[in-house]
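A.B. asks: Position in the sequence shown (from 1) plus 5 gives the number in my numbering. Every residue, glycine too, gets a C-beta built ideally from N, C-alpha and C.
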Amino acid sequence: MSRLNRRSLSAMAAAAALSVCCAMAPASASAQAYPSRPITIIVPFAAGGPTDTVARLLAEAMGRDLGGAVVVENVGGAGGTLGAQRVAVARPDGYTLLVHHIGMSTIPTLYRRLAYDPVNGFEPVGLITEVPMTIIGKRNIAATNLQELVALARREGVNMNLANAGVGAASHLCGLLFQSALGVQLTTVPYRGTGPAMNDLVGGTVDLLCDQTTNTTEQIRGNTVRAFAVTTATRLPSLPDLPTANEAGMPGFEVSVWHGLYAPRGTPVEIVNRLSTALQAALRDPNLMRRFADLGTEPVAQDRATPAAHRAFWIADVERWRPVIQTAGQFAD
Ligand code: ASP
């Protein structure tokens, strides 16, 4: 019997039991009282990285709308799959949520075996933002622009280290695209998130990182790393001196990282809708909008912060990335 059928059968059994004991109780009592205790957002990467930054700004703003605490817990490791698994198997009561990114589209193809269902394990609540990526290196790397970096990477090959947040991370995807565009293989160094990866890049332990502006803007402005390009079609107002990859000699190298909010599969629709309303309110929050703009991004349009828009976008995106990943041929087991 499918998981869904088992679930609906047990839901029917529970509903039957309830109708015997509490025939007068309103059907959506739990949704009406929601939330009555703190909500936890799981971030599937280490603290201090880009997903963490987005989730913490969101948690604060959603907490204001929901009238209760929304806390963030970091469950990093295995390219974001450990944290996602935690949410997929959590009680579907609206108190355990997930903020994840484009990895939700690549992981179903990248991983041949997972202990959770990477698509059917979740209820999408709404999209949050799309974040540009930047290609950056350690401060004293022997290249001053993208063309020199390309030549250096081709010369050095596996002697050059490329940090990422594990197979399934956005930094992994960007690194994969970078290596296949150049036709080289570098040595990848996986971290539990690009927060810790950034520490090592600033310290000079690793050579290269492709990461989101929500993690790289302040380092680029502070000159603690060397920035080569941004992966959007046009330059960013927040980093006006940084050329696009198109301008800097890698035409067509464009990738941005969408983020979404999820609840476990089976979360009551009233609760998912309440969360979506709170998400939309958070995305209008002036403090969140200011911080997003400063970090090179912006909230999605309000009509994309809905369960239906999120689901349609996500499912299409899984199919969009499937052939790209199959061609690149880098899988996790
Ligand atoms: N989002 C980052 C990545 O996918 C990791 C992180 O948030 O730390 O590379």
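Let me have the residue list for the ligand ASP: C-beta closer than 5 Å to any non-hydrogen atom, ordered along the chain.
C.D. replies: So the residues near the ligand ASP by this Cβ test are F50, G54, P55, T56, A170, A174, A175, S176, G198 and T199.
A.B. asks: Please report the straight-line C-alpha distance between A32 and L266, rounded to a whole angstrom.
C.D. replies: Annotation note: pLDDT 40 at A32 (below 50); position unreliable, no value reported.
A.B. asks: Jot down the residue ranges of each uninterrupted alpha helix (DSSP H) in the segment 114 to 175, minimum 4 residues, whole runs only, in chain order.
C.D. replies: Segments of the alpha helix (DSSP H) lying fully in the segment 114 to 175: 151 to 161.
A.B. asks: In terms of residue numbering, what span does the alpha helix (DSSP H) encompassing G68 cover?
C.D. replies: Element bounds for G68: P55 to L71.
A.B. asks: Between which residues of its own chain and H315 is the CB-CB distance below 6 Å, once the five residues before and five after are set aside?
C.D. replies: Around H315: P129, G131, L132 and G265.
A.B. asks: In or out: A321 buried (at least 16 other Cβ within 10 Å) or exposed?
C.D. replies: Exposed, since its Cβ has fewer than 16 Cβ neighbours within 10 Å.
A.B. asks: Can at least three beta-carbon pairs, one atom from the segment 203 to 215 and one from the segment 153 to 167, be found at a separation below 8 Å?
C.D. replies: Counting Cβ pairs under 8 Å, three or more are found: they touch.
A.B. asks: With a threshold of 16 other CB atoms inside 10 Å of the CB of R270, please say whether the residue is buried or exposed.
C.D. replies: Classification for R270: buried.
A.B. asks: Of the choices F183, P256 and R296, whose alpha-carbon is the least far from that of E223?
C.D. replies: When only C-alpha atoms are compared, the closest one is R296.
A.B. asks: With a CB to CB cut of under 7 Å and the five nearest residues on each side skipped, what residues in its chain are close to T237?
C.D. replies: Hits under 7 Å: P137, T249, E259 and S261.
A.B. asks: Should T192 and P55 be called a contact, given that it needs their Cβ atoms to be closer than 8 Å?
C.D. replies: Not a contact, by the Cβ cut-off of 8 Å.
A.B. asks: In chain order, what residues of the same chain have a beta carbon less than 7 Å from the beta carbon of L154, not counting five sequence neighbours either side?
C.D. replies: Only G142, A148 and F233 meet the Cβ criterion.
A.B. asks: Against chain D, with Cβ distances strictly below 8 Å, would D98 count as a contact?
C.D. replies: Given the protein chain composition of this structure (a single chain), no chain D is represented.
A.B. asks: When burial is assigned at 16 or more other CB atoms within 10 Å of the CB, is D57 buried or exposed?
C.D. replies: Buried: at least 16 other Cβ atoms inside 10 Å.
A.B. asks: For R61, count neighbouring C-beta atoms within 10 Å of its own C-beta (all shown protein chains included) and say buried if the count is 16 or more, exposed if not.
C.D. replies: Classification of R61: buried, given that the 10 Å Cβ count is 16 or more.
A.B. asks: Quick check on T5: buried or exposed, where buried means 16 or more other Cβ atoms within 10 Å of its Cβ?
C.D. replies: Residue coverage of the chain in this structure runs from 6 to 338, which leaves residue 5 outside it and unanswerable.
A.B. asks: Which residue comes first and which comes last in the alpha helix (DSSP H) that contains S261?
C.D. replies: Premise fails: S261 lies in the beta strand (DSSP E), S261 to P269, not in any alpha helix (DSSP H).
A.B. asks: Please classify N79 as buried or exposed, where buried requires at least 16 other C-beta atoms within 10 Å of its C-beta.
C.D. replies: So N79 counts as buried.
A.B. asks: On the DSSP bridge list, what partners appear for E223?
C.D. replies: Answer is none; E223 lacks a bridge partner.
A.B. asks: I need the DSSP call for E303, collapsed to helix, strand or coil.
C.D. replies: Residue state, collapsed to three classes: coil.
A.B. asks: Give a yes or no on contact between the segment 44 to 54 and the segment 90 to 107, applying the rule of three or more CB pairs nearer than 8 Å.
C.D. replies: Touching, per the Cβ criterion.
A.B. asks: If you drop the 5 nearest sequence neighbours on each side, which residues of the same chain put their C-beta closer than 8 Å to that of D299?
C.D. replies: Once the five neighbours on either side are set aside, the close Cβ partners of D299 are T222 and S243.
A.B. asks: Counting along the chain, where does the beta strand (DSSP E) carrying V77 start and finish?
C.D. replies: V77 -> beta strand (DSSP E) spans V75 to N79.
A.B. asks: Would you grab the beta carbon distance between P328 and V277 for me? Rounded to a whole angstrom, and I think it's under 8 Å.
C.D. replies: Not confirmed; about 31 Å, so no contact.
A.B. asks: Taking the C-alpha atoms as reference points, what is the distance between T139 and V235?
C.D. replies: The alpha-carbon atoms of T139 and V235 are separated by roughly 4 Å.
A.B. asks: Using the DSSP secondary-structure output, state which residues sit across from Q285 in a beta bridge.
C.D. replies: DSSP output for Q285 lists no bridge partner at all.
A.B. asks: Out of Q90, L151, Y39 and V75, which has the shortest C-alpha to C-alpha gap to G254?
C.D. replies: Checking every option, the nearest Cα to that of G254 belongs to L151.
A.B. asks: When we look at the beta-carbon of R325 and count the other beta-carbons within 10 Å, is it buried (16 or more) or exposed?
C.D. replies: Classification for R325: exposed.
A.B. asks: According to DSSP, is Q184 helix, strand or coil?
C.D. replies: Looking at Q184 - three-state DSSP - the assignment turns out to be helix.
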